[in-house]
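K.L.:
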Amino acid sequence: MIEILNADQLRRARRSGALVGDILQELRERAAVGVSLLEIDGWAQELIRAAGAESCYVDYAPSFGRGPFGHYICTAVNDAVLHGMPRDQVLADGDLLTLDLAVSLDGIAADAAISFIVGTARRPEDRALIDATERALDAAVAAARLGARTGDISHAIGTVLRNAGYPINTDFGGHGIGTTMHGDPHVANDGRPGRGYRLRPGLMLALEPWAMIGTDELVVDADGWTLRSATGSRSAHSEHTVAITPEGPEVLTRPSRP
1 MIEILNADQL
11 RRARRSGALV
21 GDILQELRER
31 AAVGVSLLEI
41 DGWAQELIRA
51 AGAESCYVDY
61 APSFGRGPFG
71 HYICTAVNDA
81 VLHGMPRDQV
91 LADGDLLTLD
101 LAVSLDGIAA
111 DAAISFIVGT
121 ARRPEDRALI
131 DATERALDAA
141 VAAARLGART
151 GDISHAIGTV
161 LRNAGYPINT
171 DFGGHGIGTT
181 MHGDPHVAND
191 GRPGRGYRLR
201 PGLMLALEPW
211 AMIGTDELVV
221 DADGWTLRSA
231 TGSRSAHSEH
241 TVAITPEGPE
251 VLTRPSRP
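In full-length UniProt numbering, the protein residues as written are 1 to 258.
(1) How would you label glycine 107, buried or exposed, when you count the other beta carbons within 10 angstroms and need 16 or more for buried?
(2) Mapping the DSSP letters down to three states, classify aspartate 138 as helix, strand or coil.
(3) Arginine 228: buried (16+ other C-beta within 10 angstroms of its C-beta) or exposed?
(4) Is it the case that the Cβ atoms of alanine 16 and serine 104 are separated by a distance below 8 Å?
(5) Since proline 209 and threonine 133 should fall inside the 8 Å C-beta cutoff, what is the C-beta to C-beta distance between them, to a whole number of angstroms?
(6) If aspartate 95 sits next to serine 36, beta carbons under 8 Å apart, how far is it from one beta carbon to the other, in whole angstroms?
(7) If you scan the stretch 76-115 from start to end, which runs of the beta strand (DSSP E) of 3 or more residues do you find wholly inside it?
(8) I need the straight-line Cα distance from glutamate 39 to valine 58, nearest angstrom please.
(9) Please report the distance separating the alpha-carbon of leucine 146 from that of arginine 198.
(10) Under 8 Å, with one C-beta from each stretch per pair, do the stretch 185-192 and the stretch 142-160 reach the 3-pair mark?
(11) Among Thr231, Glu239, Val20, Leu203, which has the Cα closest to the Cα of asparagine 6?
(12) What separation, rounded to the nearest whole angstrom, lies between the Cα atoms of alanine 61 and proline 68?
(13) Suppose you measure from the CA of isoleucine 244 to the CA of phenylalanine 64; what does that come to, to the nearest Å?
(14) Can you tell which of Ser55, Ala128, Ile213, Asp22 has the C-alpha that lies nearest to the C-alpha of tyrosine 166?
(15) Determine the closest residue to leucine 101 out of Ala136, Val141, Ile48, Arg127, with distance taken between C-alpha atoms.
(16) Give me, in chain order, the residues of the same chain whose beta-carbon lies closer than 8 Å to that of aspartate 216; leave out the 5 immediate sequence neighbours on both sides.
(17) Would you kindly work out how many angstroms separate the C-alpha atoms of alanine 121 and alanine 128, rounded to a whole number?
(18) Can you tell me whether proline 86 is buried or exposed, with buried defined as 16 or more other CB within 10 angstroms of its CB?
(19) Decide if arginine 30 is buried, meaning its Cβ has at least 16 other Cβ atoms within 10 Å, or exposed.
(20) For glutamine 25, collect the residues of the same chain with a Cβ closer than 8 Å to its Cβ; drop the 5 residues on either side in sequence, then sort them by chain order.
(21) I'd like to confirm the pairing. Which residues does DSSP put opposite aspartate 184 in its beta bridges?
(22) Which term fits proline 246, buried or exposed, when burial requires 16 or more other beta carbons within 10 angstroms of its beta carbon?
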């Protein structure tokens with residue numbers, strides 16, 4: 001089902017989005033060498049509960065996962081890229097970490113993801129990969145204008161990633177979001193412009209370019225959730241929740257402080 005939010009729901013979505021952005025920024029600042037993924041999950045739980053919000057992940061049990069997920073945040077390290085289940089793993093210097101967070105506040109969900117280097121950035125290819133997903137996200141937001149179609153967003157993402165030299169997987173991508181975390185329409189990370197659902201005021205989308213170096217194939221961990229590069233190559237993921245408005249796309253999941 002495709003949800004179209006009313007003015008009151010959009011006001012609540014702004015609060016949900018700001019909370020997601022702020023929590024991700026807080027966790028990025030805490031994610032140092034020697035910190036475990038389970039510690040990050042615990043901090044996410046504390047921050048979500050302190051805000052009076054609810055996790056969208058704890059009871060999440062879609063058909064593609066071995067659910068329920070049972071944790072408060074997705075933590076993907078190095079070759080892991082999506083649905084990274086927190087585990088007893090300590091972050092090492094130079095790890096490429098992705099944090100993906102979705103919460104619901106006052107009945108409206110917001111979803112965002114960031115990728116960054118823990119400690120010392122020693123590999124230029126890691127920075128280039130992260131930069132490509134961030135530039136693809138910027139292009140996706142710019143394309144998410146009233147009257148455009150989802151294919152225009154997909155094409156914008158795919159153009160950036162392809163020009164940067166990264167293969168593109170279209171199995172997992174962006175999605176509608178509102179009173180639930182995942183809804184229609186699906187927004188693939190590559191596609192043809194002028195195709196798909198026409199963007200309307202009140203539509204909210206989670207746009208999430210992700211890429212892996214040298215492959216578009218994924219494998220699933222024994223935990224039934226964590227998706228990794230089939231070749232063990234590094235991966236990165238950038239995501240924002242965006243509202244479609246008459247004034248243009250509104251990014252809701254930026255942190256409230258610099």
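By construction, the Cβ of each residue, glycine as well, lies at the ideal position given by its N, Cα and C atoms.
P.N.:
Reading from the atomic positions:
(1) With fewer than 16 Cβ atoms within 10 Å of its Cβ, glycine 107 is classed as exposed.
(2) Aspartate 138 falls in the helix class under three-state DSSP.
(3) With 16 or more other Cβ atoms within 10 Å, it is buried.
(4) What sits at residue 16 in the sequence shown is serine, not alanine. With respect to serine 104, serine 16 sits close: the two C-beta atoms are nearer than 8 Å.
(5) The C-beta distance from proline 209 to threonine 133 rounds to 5 Å, short enough to meet the 8 Å contact threshold.
(6) About 12 Å separates the two Cβ atoms, so there is no contact after all.
(7) Along the length of the stretch 76-115, whole beta strand (DSSP E) runs at least 3 residues long occupy 80-82, 96-105, reported in chain order.
(8) Their backbone Cα atoms lie some 16 Å apart in a straight line.
(9) Taking the straight line joining both Cα atoms gives about 8 Å.
(10) Yes, since at least three Cβ pairs between the stretch 185-192 and the stretch 142-160 fall closer than 8 Å, the two stretches touch.
(11) Of the listed residues, the one whose Cα sits closest to asparagine 6 is Leu203.
(12) In a straight line, the C-alpha of alanine 61 is about 4 Å away from that of proline 68.
(13) Distance from the CA of isoleucine 244 to the CA of phenylalanine 64, rounded to the nearest whole angstrom, comes to 29 Å.
(14) Nearest C-alpha to tyrosine 166: Ile213.
(15) With distances taken between Cα atoms, leucine 101 lies closest to Ile48.
(16) The beta carbon of aspartate 216 sits closer than 8 Å to those of Pro167, Ile168, Asn169, all from its chain and outside the five residues before and after it, given in chain order.
(17) Distance between the alpha carbons of alanine 121 and alanine 128 is about 11 Å.
(18) Result: buried.
(19) Residue burial annotation: arginine 30 is exposed, with fewer than 16 other C-beta atoms found within 10 angstroms of its C-beta.
(20) Pro255, Arg257, listed in sequence order.
(21) In the DSSP output, where bridge partners are listed per residue, aspartate 184 has Ile2.
(22) Exposed is the call here.
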